[in-house]
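This report refers to the structure that appears directly beneath it.
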Amino acid sequence: MSCSEISQLPSTDIKEEEKLDEGYQKTYQKFDEIYPTLPKRDDWWGDGLGAGQFVQYQGFWIPSGALRGVMLIHDHFKPRPTDIILSTSPKCGTTWLRALIFAVINRNSYHFDDNHPLLSSNPQDLVAFLEGHIQQGGSTSFLETLPSPRFLSTHLPFSFFPNSMTSSAASACRFVYICRDPKDAFVSMWHFMNKLRARQEMPPLPIEHAFDLFCTGVSLNGPFWDHHLGFWKASLESPNMVLFLKYEHVKRETSASVRKIGEFLDLPFSAEEENEGIVEKIVHLCSFENLSNLDVNKNVNEEKQRGHLIKNPEFFRKGQVGDWMNHLTHEMAKVLDQITKENFQGTGLNFD
């Protein structure tokens with residue numbers, strides 16, 4: 001069975017007795033003890049009352065509402081050697097890669113016609129968001145019900161995962177990671193966070209303030225550079241476990257990137273599939289132009305998305321390379337380039 005032979009993910013509801021499991025209770029207790037001691041910031045999207053806060057945990061700034069899920073993953077998530085995990089720093093192409101990988105994995109399950117799930121469902125509804133589902137359900141048991149191979153996505157840094165997920169042993173998961181030029185990633189994050197602020201009737205965050213926060217590492221799952229470096233170094237040490245992609249290259253060479261993903265996942269495209277143009281069909285189906293213009297992604301279905309923090313249209317903006325030039329001054333771009341150079345020096349990672 002393919003990883004997602006369903007049009008929507010099932011409910012994350014768990015039984016009350018699972019919530020009382022002794023192991024989970026220990027994690028809840030640890031959370032209750034550590035949370036009050038952590039540094040907190042609400043500059044990006046805080047209301048001054050605790051909502052929208054970021055907390056600094058193990059060197060990274062994460063949403064306060066995600067921390068319990070992060071701790072549950074570390075203590076209780078049971079990886080499978082067939083697991084496929086898309087890992088991204090926020091605003092680096094998560095939705096696009098969800099769609100591409102979903103289409104690659106399930107290309108024998110769905111025809112490229114009007115009934116393909118990606119034409120009627122947002123990619124986030126087809127791929128379980130690891131920390132989000134665990135936080136919502138208060139347990140990892142929902143993920144244990146998913147058939148293998150499981151396709152999951154996450155924004156967590158590499159260092160947050162337990163050894164059982166990141167070991168180079170044969171039992172470890174496989175990660176696909178995509179990085180992005182920090183100038184474009186910052187601009188995308190700034191637009192995204194201001195959409196969330198507007199929904200809460202908060203004034204826009206000035207780009208100058210957001211820029212200062214980003215440069216000092218205070219951003220969603222930041223520091224941005226540390227997030228990239230964690231997966232970059234892992235990809236060098238264990239290339240069979242971590243596939244490291246660059247957003248700019250995937251945009252420029254999408255067909256080649258799709259083939260690379262297929263090979264990494266042990267799902268190479270056959271000569272017959274190549275002759276049938278399957279790669280090109282996946283590229284078209286998952287293109288920004290196609291996905292962003294679908295009704296399911298252009299419009300908000302209030303019934304289906306009631307209670308969702310992020311509505312479907314907010315996952316799509318421009319999907320371009322170089323849009324930062326429309327928002328950043330020359331001096332701001334120089335500052336980000338210098339920070340990137342200093343952080344990546346000697347690692348082999350760059351955006352040239």
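Numbering (full-length UniProt numbering), first residue to last: 1 to 352. Glycine included, each C-beta is placed from N, C-alpha and C at the ideal position. Since we're looking at a predicted model, the values are computed, not measured.
{"Check": "Consult DSSP for residue 215 and reduce its assignment to one of helix, strand or coil.", "Outcome": "helix"}
{"Check": "In this structure, how does DSSP classify residue 346 when only helix, strand and coil are distinguished?", "Outcome": "coil"}
{"Check": "Along the chain, which unbroken stretches of the alpha helix (DSSP H) at least 4 residues long are found entirely within the region 131-188?", "Outcome": "141-144, 163-166"}
{"Check": "Spell out whether any CB of chain E is found under 8 Å from the CB atom of residue 251.", "Outcome": "The chain labelled as chain E is not found in the depicted structure, where only one protein chain is given."}
{"Check": "For residue 71, is the classification buried or exposed, using 16 other Cβ atoms within 10 angstroms of its Cβ as the cut-off for buried?", "Outcome": "buried"}
{"Check": "Where residue 32 and residue 39 are concerned, what is the direct C-alpha to C-alpha distance, given to the nearest angstrom?", "Outcome": "15 Å"}
{"Check": "Please state whether DSSP places residue 305 in a helix, a strand or coil.", "Outcome": "For residue 305, the predicted model reports a pLDDT of 44, less than 50, meaning its position is unreliable and no value from the coordinates is stated."}
{"Check": "Using the beta-carbon count (16 or more within 10 Å), is residue 192 buried or exposed?", "Outcome": "buried"}
{"Check": "I'd like to check one pair, residue 339 with residue 215: are the Cβ atoms closer than 8 Å?", "Outcome": "yes"}
{"Check": "Between residue 45 and the rest of its own chain, which residues show a CB-CB distance below 7 Å, the 5 nearest in sequence each way excluded?", "Outcome": "52, 193, 196, 197"}
{"Check": "Could you compute how far the alpha carbon of residue 132 sits from the alpha carbon of residue 66?", "Outcome": "7 Å"}
{"Check": "DSSP on residue 1, reduced to helix/strand/coil?", "Outcome": "Low per-residue confidence applies at residue 1: pLDDT is 35, beneath 50, and the placement is therefore not dependable, though the value from the model is reported in the following sentence. The answer is coil: DSSP assigns residue 1 none of H, G, I, E or B."}
{"Check": "Is the region 73-80 touching the region 137-157, taking contact as three or more C-beta pairs under 8 Å?", "Outcome": "yes"}
{"Check": "What number of angstroms, rounded off, separates the C-alpha of residue 86 from the C-alpha of residue 35?", "Outcome": "27 Å"}
{"Check": "Can you give me the Cβ contacts of residue 130 inside the same chain, cut-off strictly under 6 Å, excluding the 5 residues immediately before and after it?", "Outcome": "152, 154"}
{"Check": "Between residue 26 and the rest of its own chain, which residues show a CB-CB distance below 8 Å, the 5 nearest in sequence each way excluded?", "Outcome": "75"}
{"Check": "Would you kindly work out how many angstroms separate the C-alpha atoms of residue 94 and residue 37, rounded to a whole number?", "Outcome": "31 Å"}
{"Check": "Any idea if residue 146 is buried or exposed, counting beta-carbon neighbours within 10 angstroms, 16 or more meaning buried?", "Outcome": "buried"}
{"Check": "Nearest-angstrom Cα distance between residue 213 and residue 219?", "Outcome": "7 Å"}
{"Check": "Indicate whether residue 231 and residue 269 have their beta-carbon atoms separated by less than 8 Å.", "Outcome": "no"}
{"Check": "Taking the C-alpha atoms as reference points, what is the distance between residue 277 and residue 107?", "Outcome": "12 Å"}
{"Check": "Count the other C-beta atoms from every protein chain shown that fall within 10 angstroms of the C-beta of residue 29, then say buried if there are 16 or more, exposed otherwise.", "Outcome": "exposed"}
{"Check": "Compare the C-alpha of residue 144 against each of 83, 326, 348, 273 and name the closest.", "Outcome": "83"}
{"Check": "Looking only at its own chain, which residues have a Cβ that is under 6 Å from the Cβ of residue 217, when we skip the five neighbours before and after it?", "Outcome": "223"}
{"Check": "Give me, in chain order, the residues of the same chain whose beta-carbon lies closer than 6 Å to that of residue 64; leave out the 5 immediate sequence neighbours on both sides.", "Outcome": "53, 55"}
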